[in-house]
Amino acid sequence: MLHKLWFRKVTPKQEEPKDIQKTGPQLESKGQETKASENDDWNAEEKDTGVTTAPMNTHEQAPSQPPPCWKNDKEPKLQTATEALPEQVHESSFQIEPASNEEVQFSISSCNKCKQKQQPVLNSDLADAQLQNLVIRMRERTILYKEKLLDQRDSSPEETPSVSPVKNLPPPKEDKKEVKQEEIKDDGIKSEEEHYCDMICCQFERPPIKKFIQKLRVPESIDMYTDRLYVLWLFFVVLAWNWSCWFIPLRWTFNYQKPETLAFWLTIDYICDFIYLLDMSVFQVRLQFIKQGDIIADKEGMRKNYTQSSKFKLDLASVIPFDLFYLVFGCNPLFRLNRVLKYLTFFEFNHRLEAMMEKAFIYRIARTTGYLLFLLHINACIYYWASEYEGINSTKWVYNGKGNRYLRCYYWAIRSLITIGGISEPVTLFEIIFQGCNYFTGVFVFSSLLGQMRDIIGKATAGKNYYQISVDNTMKYMNAYSVSRNVQNRVRKWYEYIWESQGQLDSSELLGSMPVKMQLSIAIDQNYAIVSKVDLFKDCDQQMIYDMLLRLKSVVYLPGDFVCKKGDIGNEMYIIKMGQVQVLGGPDGKKVLVTLKVGSVFGEISLLAGAGGNRRTANVIASGFTNLFILNKRTLNEILVNYPHSQKILKMKAK
995 MLHKLWFRKV TPKQEEPKDI QKTGPQLESK GQETKASEND DWNAEEKDTG VTTAPMNTHE
1055 QAPSQPPPCW KNDKEPKLQT ATEALPEQVH ESSFQIEPAS NEEVQFSISS CNKCKQKQQP
1115 VLNSDLADAQ LQNLVIRMRE RTILYKEKLL DQRDSSPEET PSVSPVKNLP PPKEDKKEVK
1175 QEEIKDDGIK SEEEHYCDMI CCQFERPPIK KFIQKLRVPE SIDMYTDRLY VLWLFFVVLA
1235 WNWSCWFIPL RWTFNYQKPE TLAFWLTIDY ICDFIYLLDM SVFQVRLQFI KQGDIIADKE
1295 GMRKNYTQSS KFKLDLASVI PFDLFYLVFG CNPLFRLNRV LKYLTFFEFN HRLEAMMEKA
1355 FIYRIARTTG YLLFLLHINA CIYYWASEYE GINSTKWVYN GKGNRYLRCY YWAIRSLITI
1415 GGISEPVTLF EIIFQGCNYF TGVFVFSSLL GQMRDIIGKA TAGKNYYQIS VDNTMKYMNA
1475 YSVSRNVQNR VRKWYEYIWE SQGQLDSSEL LGSMPVKMQL SIAIDQNYAI VSKVDLFKDC
1535 DQQMIYDMLL RLKSVVYLPG DFVCKKGDIG NEMYIIKMGQ VQVLGGPDGK KVLVTLKVGS
1595 VFGEISLLAG AGGNRRTANV IASGFTNLFI LNKRTLNEIL VNYPHSQKIL KMKAK
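Residues in the sequence shown are numbered consecutively from 995, following this note's numbering.
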């Protein structure tokens, strides 16, 4: 029962608004903004309210005036619709069935006049239906306003409970399609909002600090042959070693280490010392080593192996702090000359880096050039020292003191050490001895570096030279025996394709020097993915497939070459490694029946057939440059002797 009810004045033919959003159960709010908005909404509704009644036995409607007690100053709030009306709406249909036999009673007690006069009971089916419909709509509107207020994140620190969806009232039959489209749009919007929220959350996710620290930690044992982190560390150690090699002579001879720049030089020096100490205490004591064929990764064993090696003695000598003599004799850079004793690290870095690079000859050329530049640098420093010893500009042979002293001396070293000539003749005995030793050293060093450069370039181009020699010899042979020009062009095209695709003519020569296990590892890495997909060998023993990989022969066919012809005796099976082939047929034998691509197999019928059944059944032609694996029948029989189970499977498939 309702003590007091305010509602709009509606007619039976009024259409229901479609823009009202249906929501779930009513939410309770404790905020003052929610209550204020509700009071404003109800005050606005009070101005346009009224009661519409209709007699029981007539179709006309007579508007009735509300009693004076309804216009009270103190208006109570609307009670929840769940308490006011019995729920006659099912969740599935939401259709309202008016109760014709029920009576609607209103008890109004707001003023004294109405208490004295008893209000008559209004009975009307139409009014009953309209009232129920109106109350439901007002209830939904109230929920909508509350939800909009509570949906604001800044309105309350508490989380708003999720609203469970409630099905809408049944719209007219004509508007069913429109309602479905609106529901789909709403679902799409919600999914996009949820996805956007997930994206925002992902932006604030950060990996744990522990995992980041674990990545920076040095492992307990380091594999010096394959660990790239160790090679990177060696790069920094070599960088510190080169600092000492290049700048100690420079600072000593040219006197660049002055009091105003002393802080800079000492800072870099002690950073290099810290790198030396870190290398000895952290990395070198964790290097694995091989002892009697076993890889030793024990912490104590690795430490003893390093401390007992000659490398440790040189490293220890390189970090002896002769810098303390600065306090007595002044800051002379020669006291740090022992830092050069860590030269073994430089050669170790070169060896590890060359093993990792694809084109190591480029680094070898750069390193050899660096050797030459360093020798010229040392010669320039010694020449400036000799000039100071004799006296600057004292003779024509010494440095005259003009221009940049380092560049002038370096230019003199280039002309003298490489024996270009064009320099002044020595005058004094010291100058003659110095210049003679310089010429002798220059000839020896320069010839050695040139020979080393020649060897590096020769090894880098050895494959190309072998290919060119093979092509020249083949063309010379075909010209000597008057081979047709068409055949010569095909042979040349084959050579060019093999070189461009593989970078070498025959890889079997390289693999032949390796042990069988290494050959098998390379064959598995290159070809197992292709052979394992062949349906013919799927149920066979895996070790049998491994043995077959070592026996496969790779052959390249040019465009238009016949791989096999119909009626020929076949003793091989083909697996396509690269390219594609076409199976020809038809009356004229030129119709393309099927195109086989990478991983396909053909010729297995001739391979598995018995005596007399190994004739080719179709023509197969290479449509382009095609690389095929060929498996011989005799080779397969030799392999199957050791695998009887796989032999039975292949015989069953052959039948």
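Cβ atoms here follow ideal geometry from the backbone N, Cα and C, with glycine treated the same way.
Note that the C-beta distance between V1549 and I1624 is below 9 Å.
If you draw a straight line from the Cα of Y1357 to the Cα of G1554, it comes to about 43 Å.
Checking the DSSP bridge columns, you'll see D1288 partnered with K1285.
Distance from the CA of L1226 to the CA of N1344, rounded to the nearest whole angstrom, comes to 12 Å. Taking the Cα of F1306 as reference, the smallest distance to any Cα among K1142, Y1337 and F1434 is reached at Y1337.
When DSSP states are grouped into helix, strand and coil, S1548 belongs to the strand group.
Residue environment: T1629 is assigned as buried (16 or more neighbouring CB atoms within 10 Å of its CB, all protein chains considered). Here the C-alpha atom of I1427 lies approximately 14 Å from the C-alpha atom of S1410.
According to the DSSP secondary-structure assignment, I1563 is paired through a beta bridge with R1609. Contact check for Y1540 against I1524 fails: the beta carbons are separated by 9 Å or more. Within the region 1399-1449, the alpha helix (DSSP H) runs of at least 4 residues that lie entirely inside it are, in chain order, 1399-1411. Here L1578 is bridged, per DSSP, to V1586 and N1613.
In this structure, the beta-carbon distance from Q1282 to M1296 falls below 9 Å.
In the three-state DSSP reduction, I1569 falls in the strand class (E or B). Distance from the Cα of V1465 is smallest, within the candidate group L1233, L1128 and R1486, for R1486. For N1480, there is no enclosing beta strand (DSSP E); the enclosing alpha helix (DSSP H) has its first and last residue at R1479 to Q1496. C1325 sits in coil when the DSSP states are folded into three classes, being neither helix nor strand. For the pair N1621 and S1495, the CB atoms are nearer than the 9 Å cut-off. Within the DSSP bridge table, the entry for F1623 names S1548 and I1569 as partners.
A Cβ-Cβ contact shorter than 9 Å links C1266 with W1235. Taking N1299 as the centre and dropping the five residues before and after it, the same chain places the C-beta of F1283 closer than 6 Å to its C-beta, in chain order. Put simply, the backbone Cα of Y1378 is about 12 Å away from that of E1425. Selection Y1270, N1432 and L1328 evaluated against L1369 yields N1432 as nearest (Cα-Cα).
Per DSSP, reduced to three states, the secondary structure at F1596 is strand.
Beyond the five residues adjoining it in sequence on each side, A1648 comes within less than 6 Å, by CB distance, of L1602 in the same chain, given in chain order. Checking the DSSP bridge columns, you'll see I1216 partnered with L1281.
Residue state for C1266 is assigned as helix, using DSSP reduced to three classes. Comparing alpha-carbon positions, the option among G1593, Q1576 and V1592 lying closest to K1585 turns out to be Q1576. Within the model, the alpha-carbon separation for M1472 versus Y1491 is close to 19 Å. Sorting K1458, K1645 and C1534 by C-alpha distance to the C-alpha of Q1498 places K1458 at the top. Inclusion of V1614 and Y1568 in the CB contact set at 9 Å is warranted, their separation being smaller than that value. The three-state secondary structure of V1557, taken from DSSP, is strand. Rounded to whole angstroms, the separation of the alpha carbons of S1304 and V1592 is 55 Å. Look at the beta carbons and you see the region 1401-1415 touching the region 1432-1442: at least three pairs across the two are nearer than 8 Å. Short of 7 Å from the beta carbon of T1339, and not among the five residues preceding or following it, lie these beta carbons of its own chain, in chain order: L1228, V1231, V1232 and W1235. C-alpha of F1531 to C-alpha of F1556: approximately 26 Å in a straight line.
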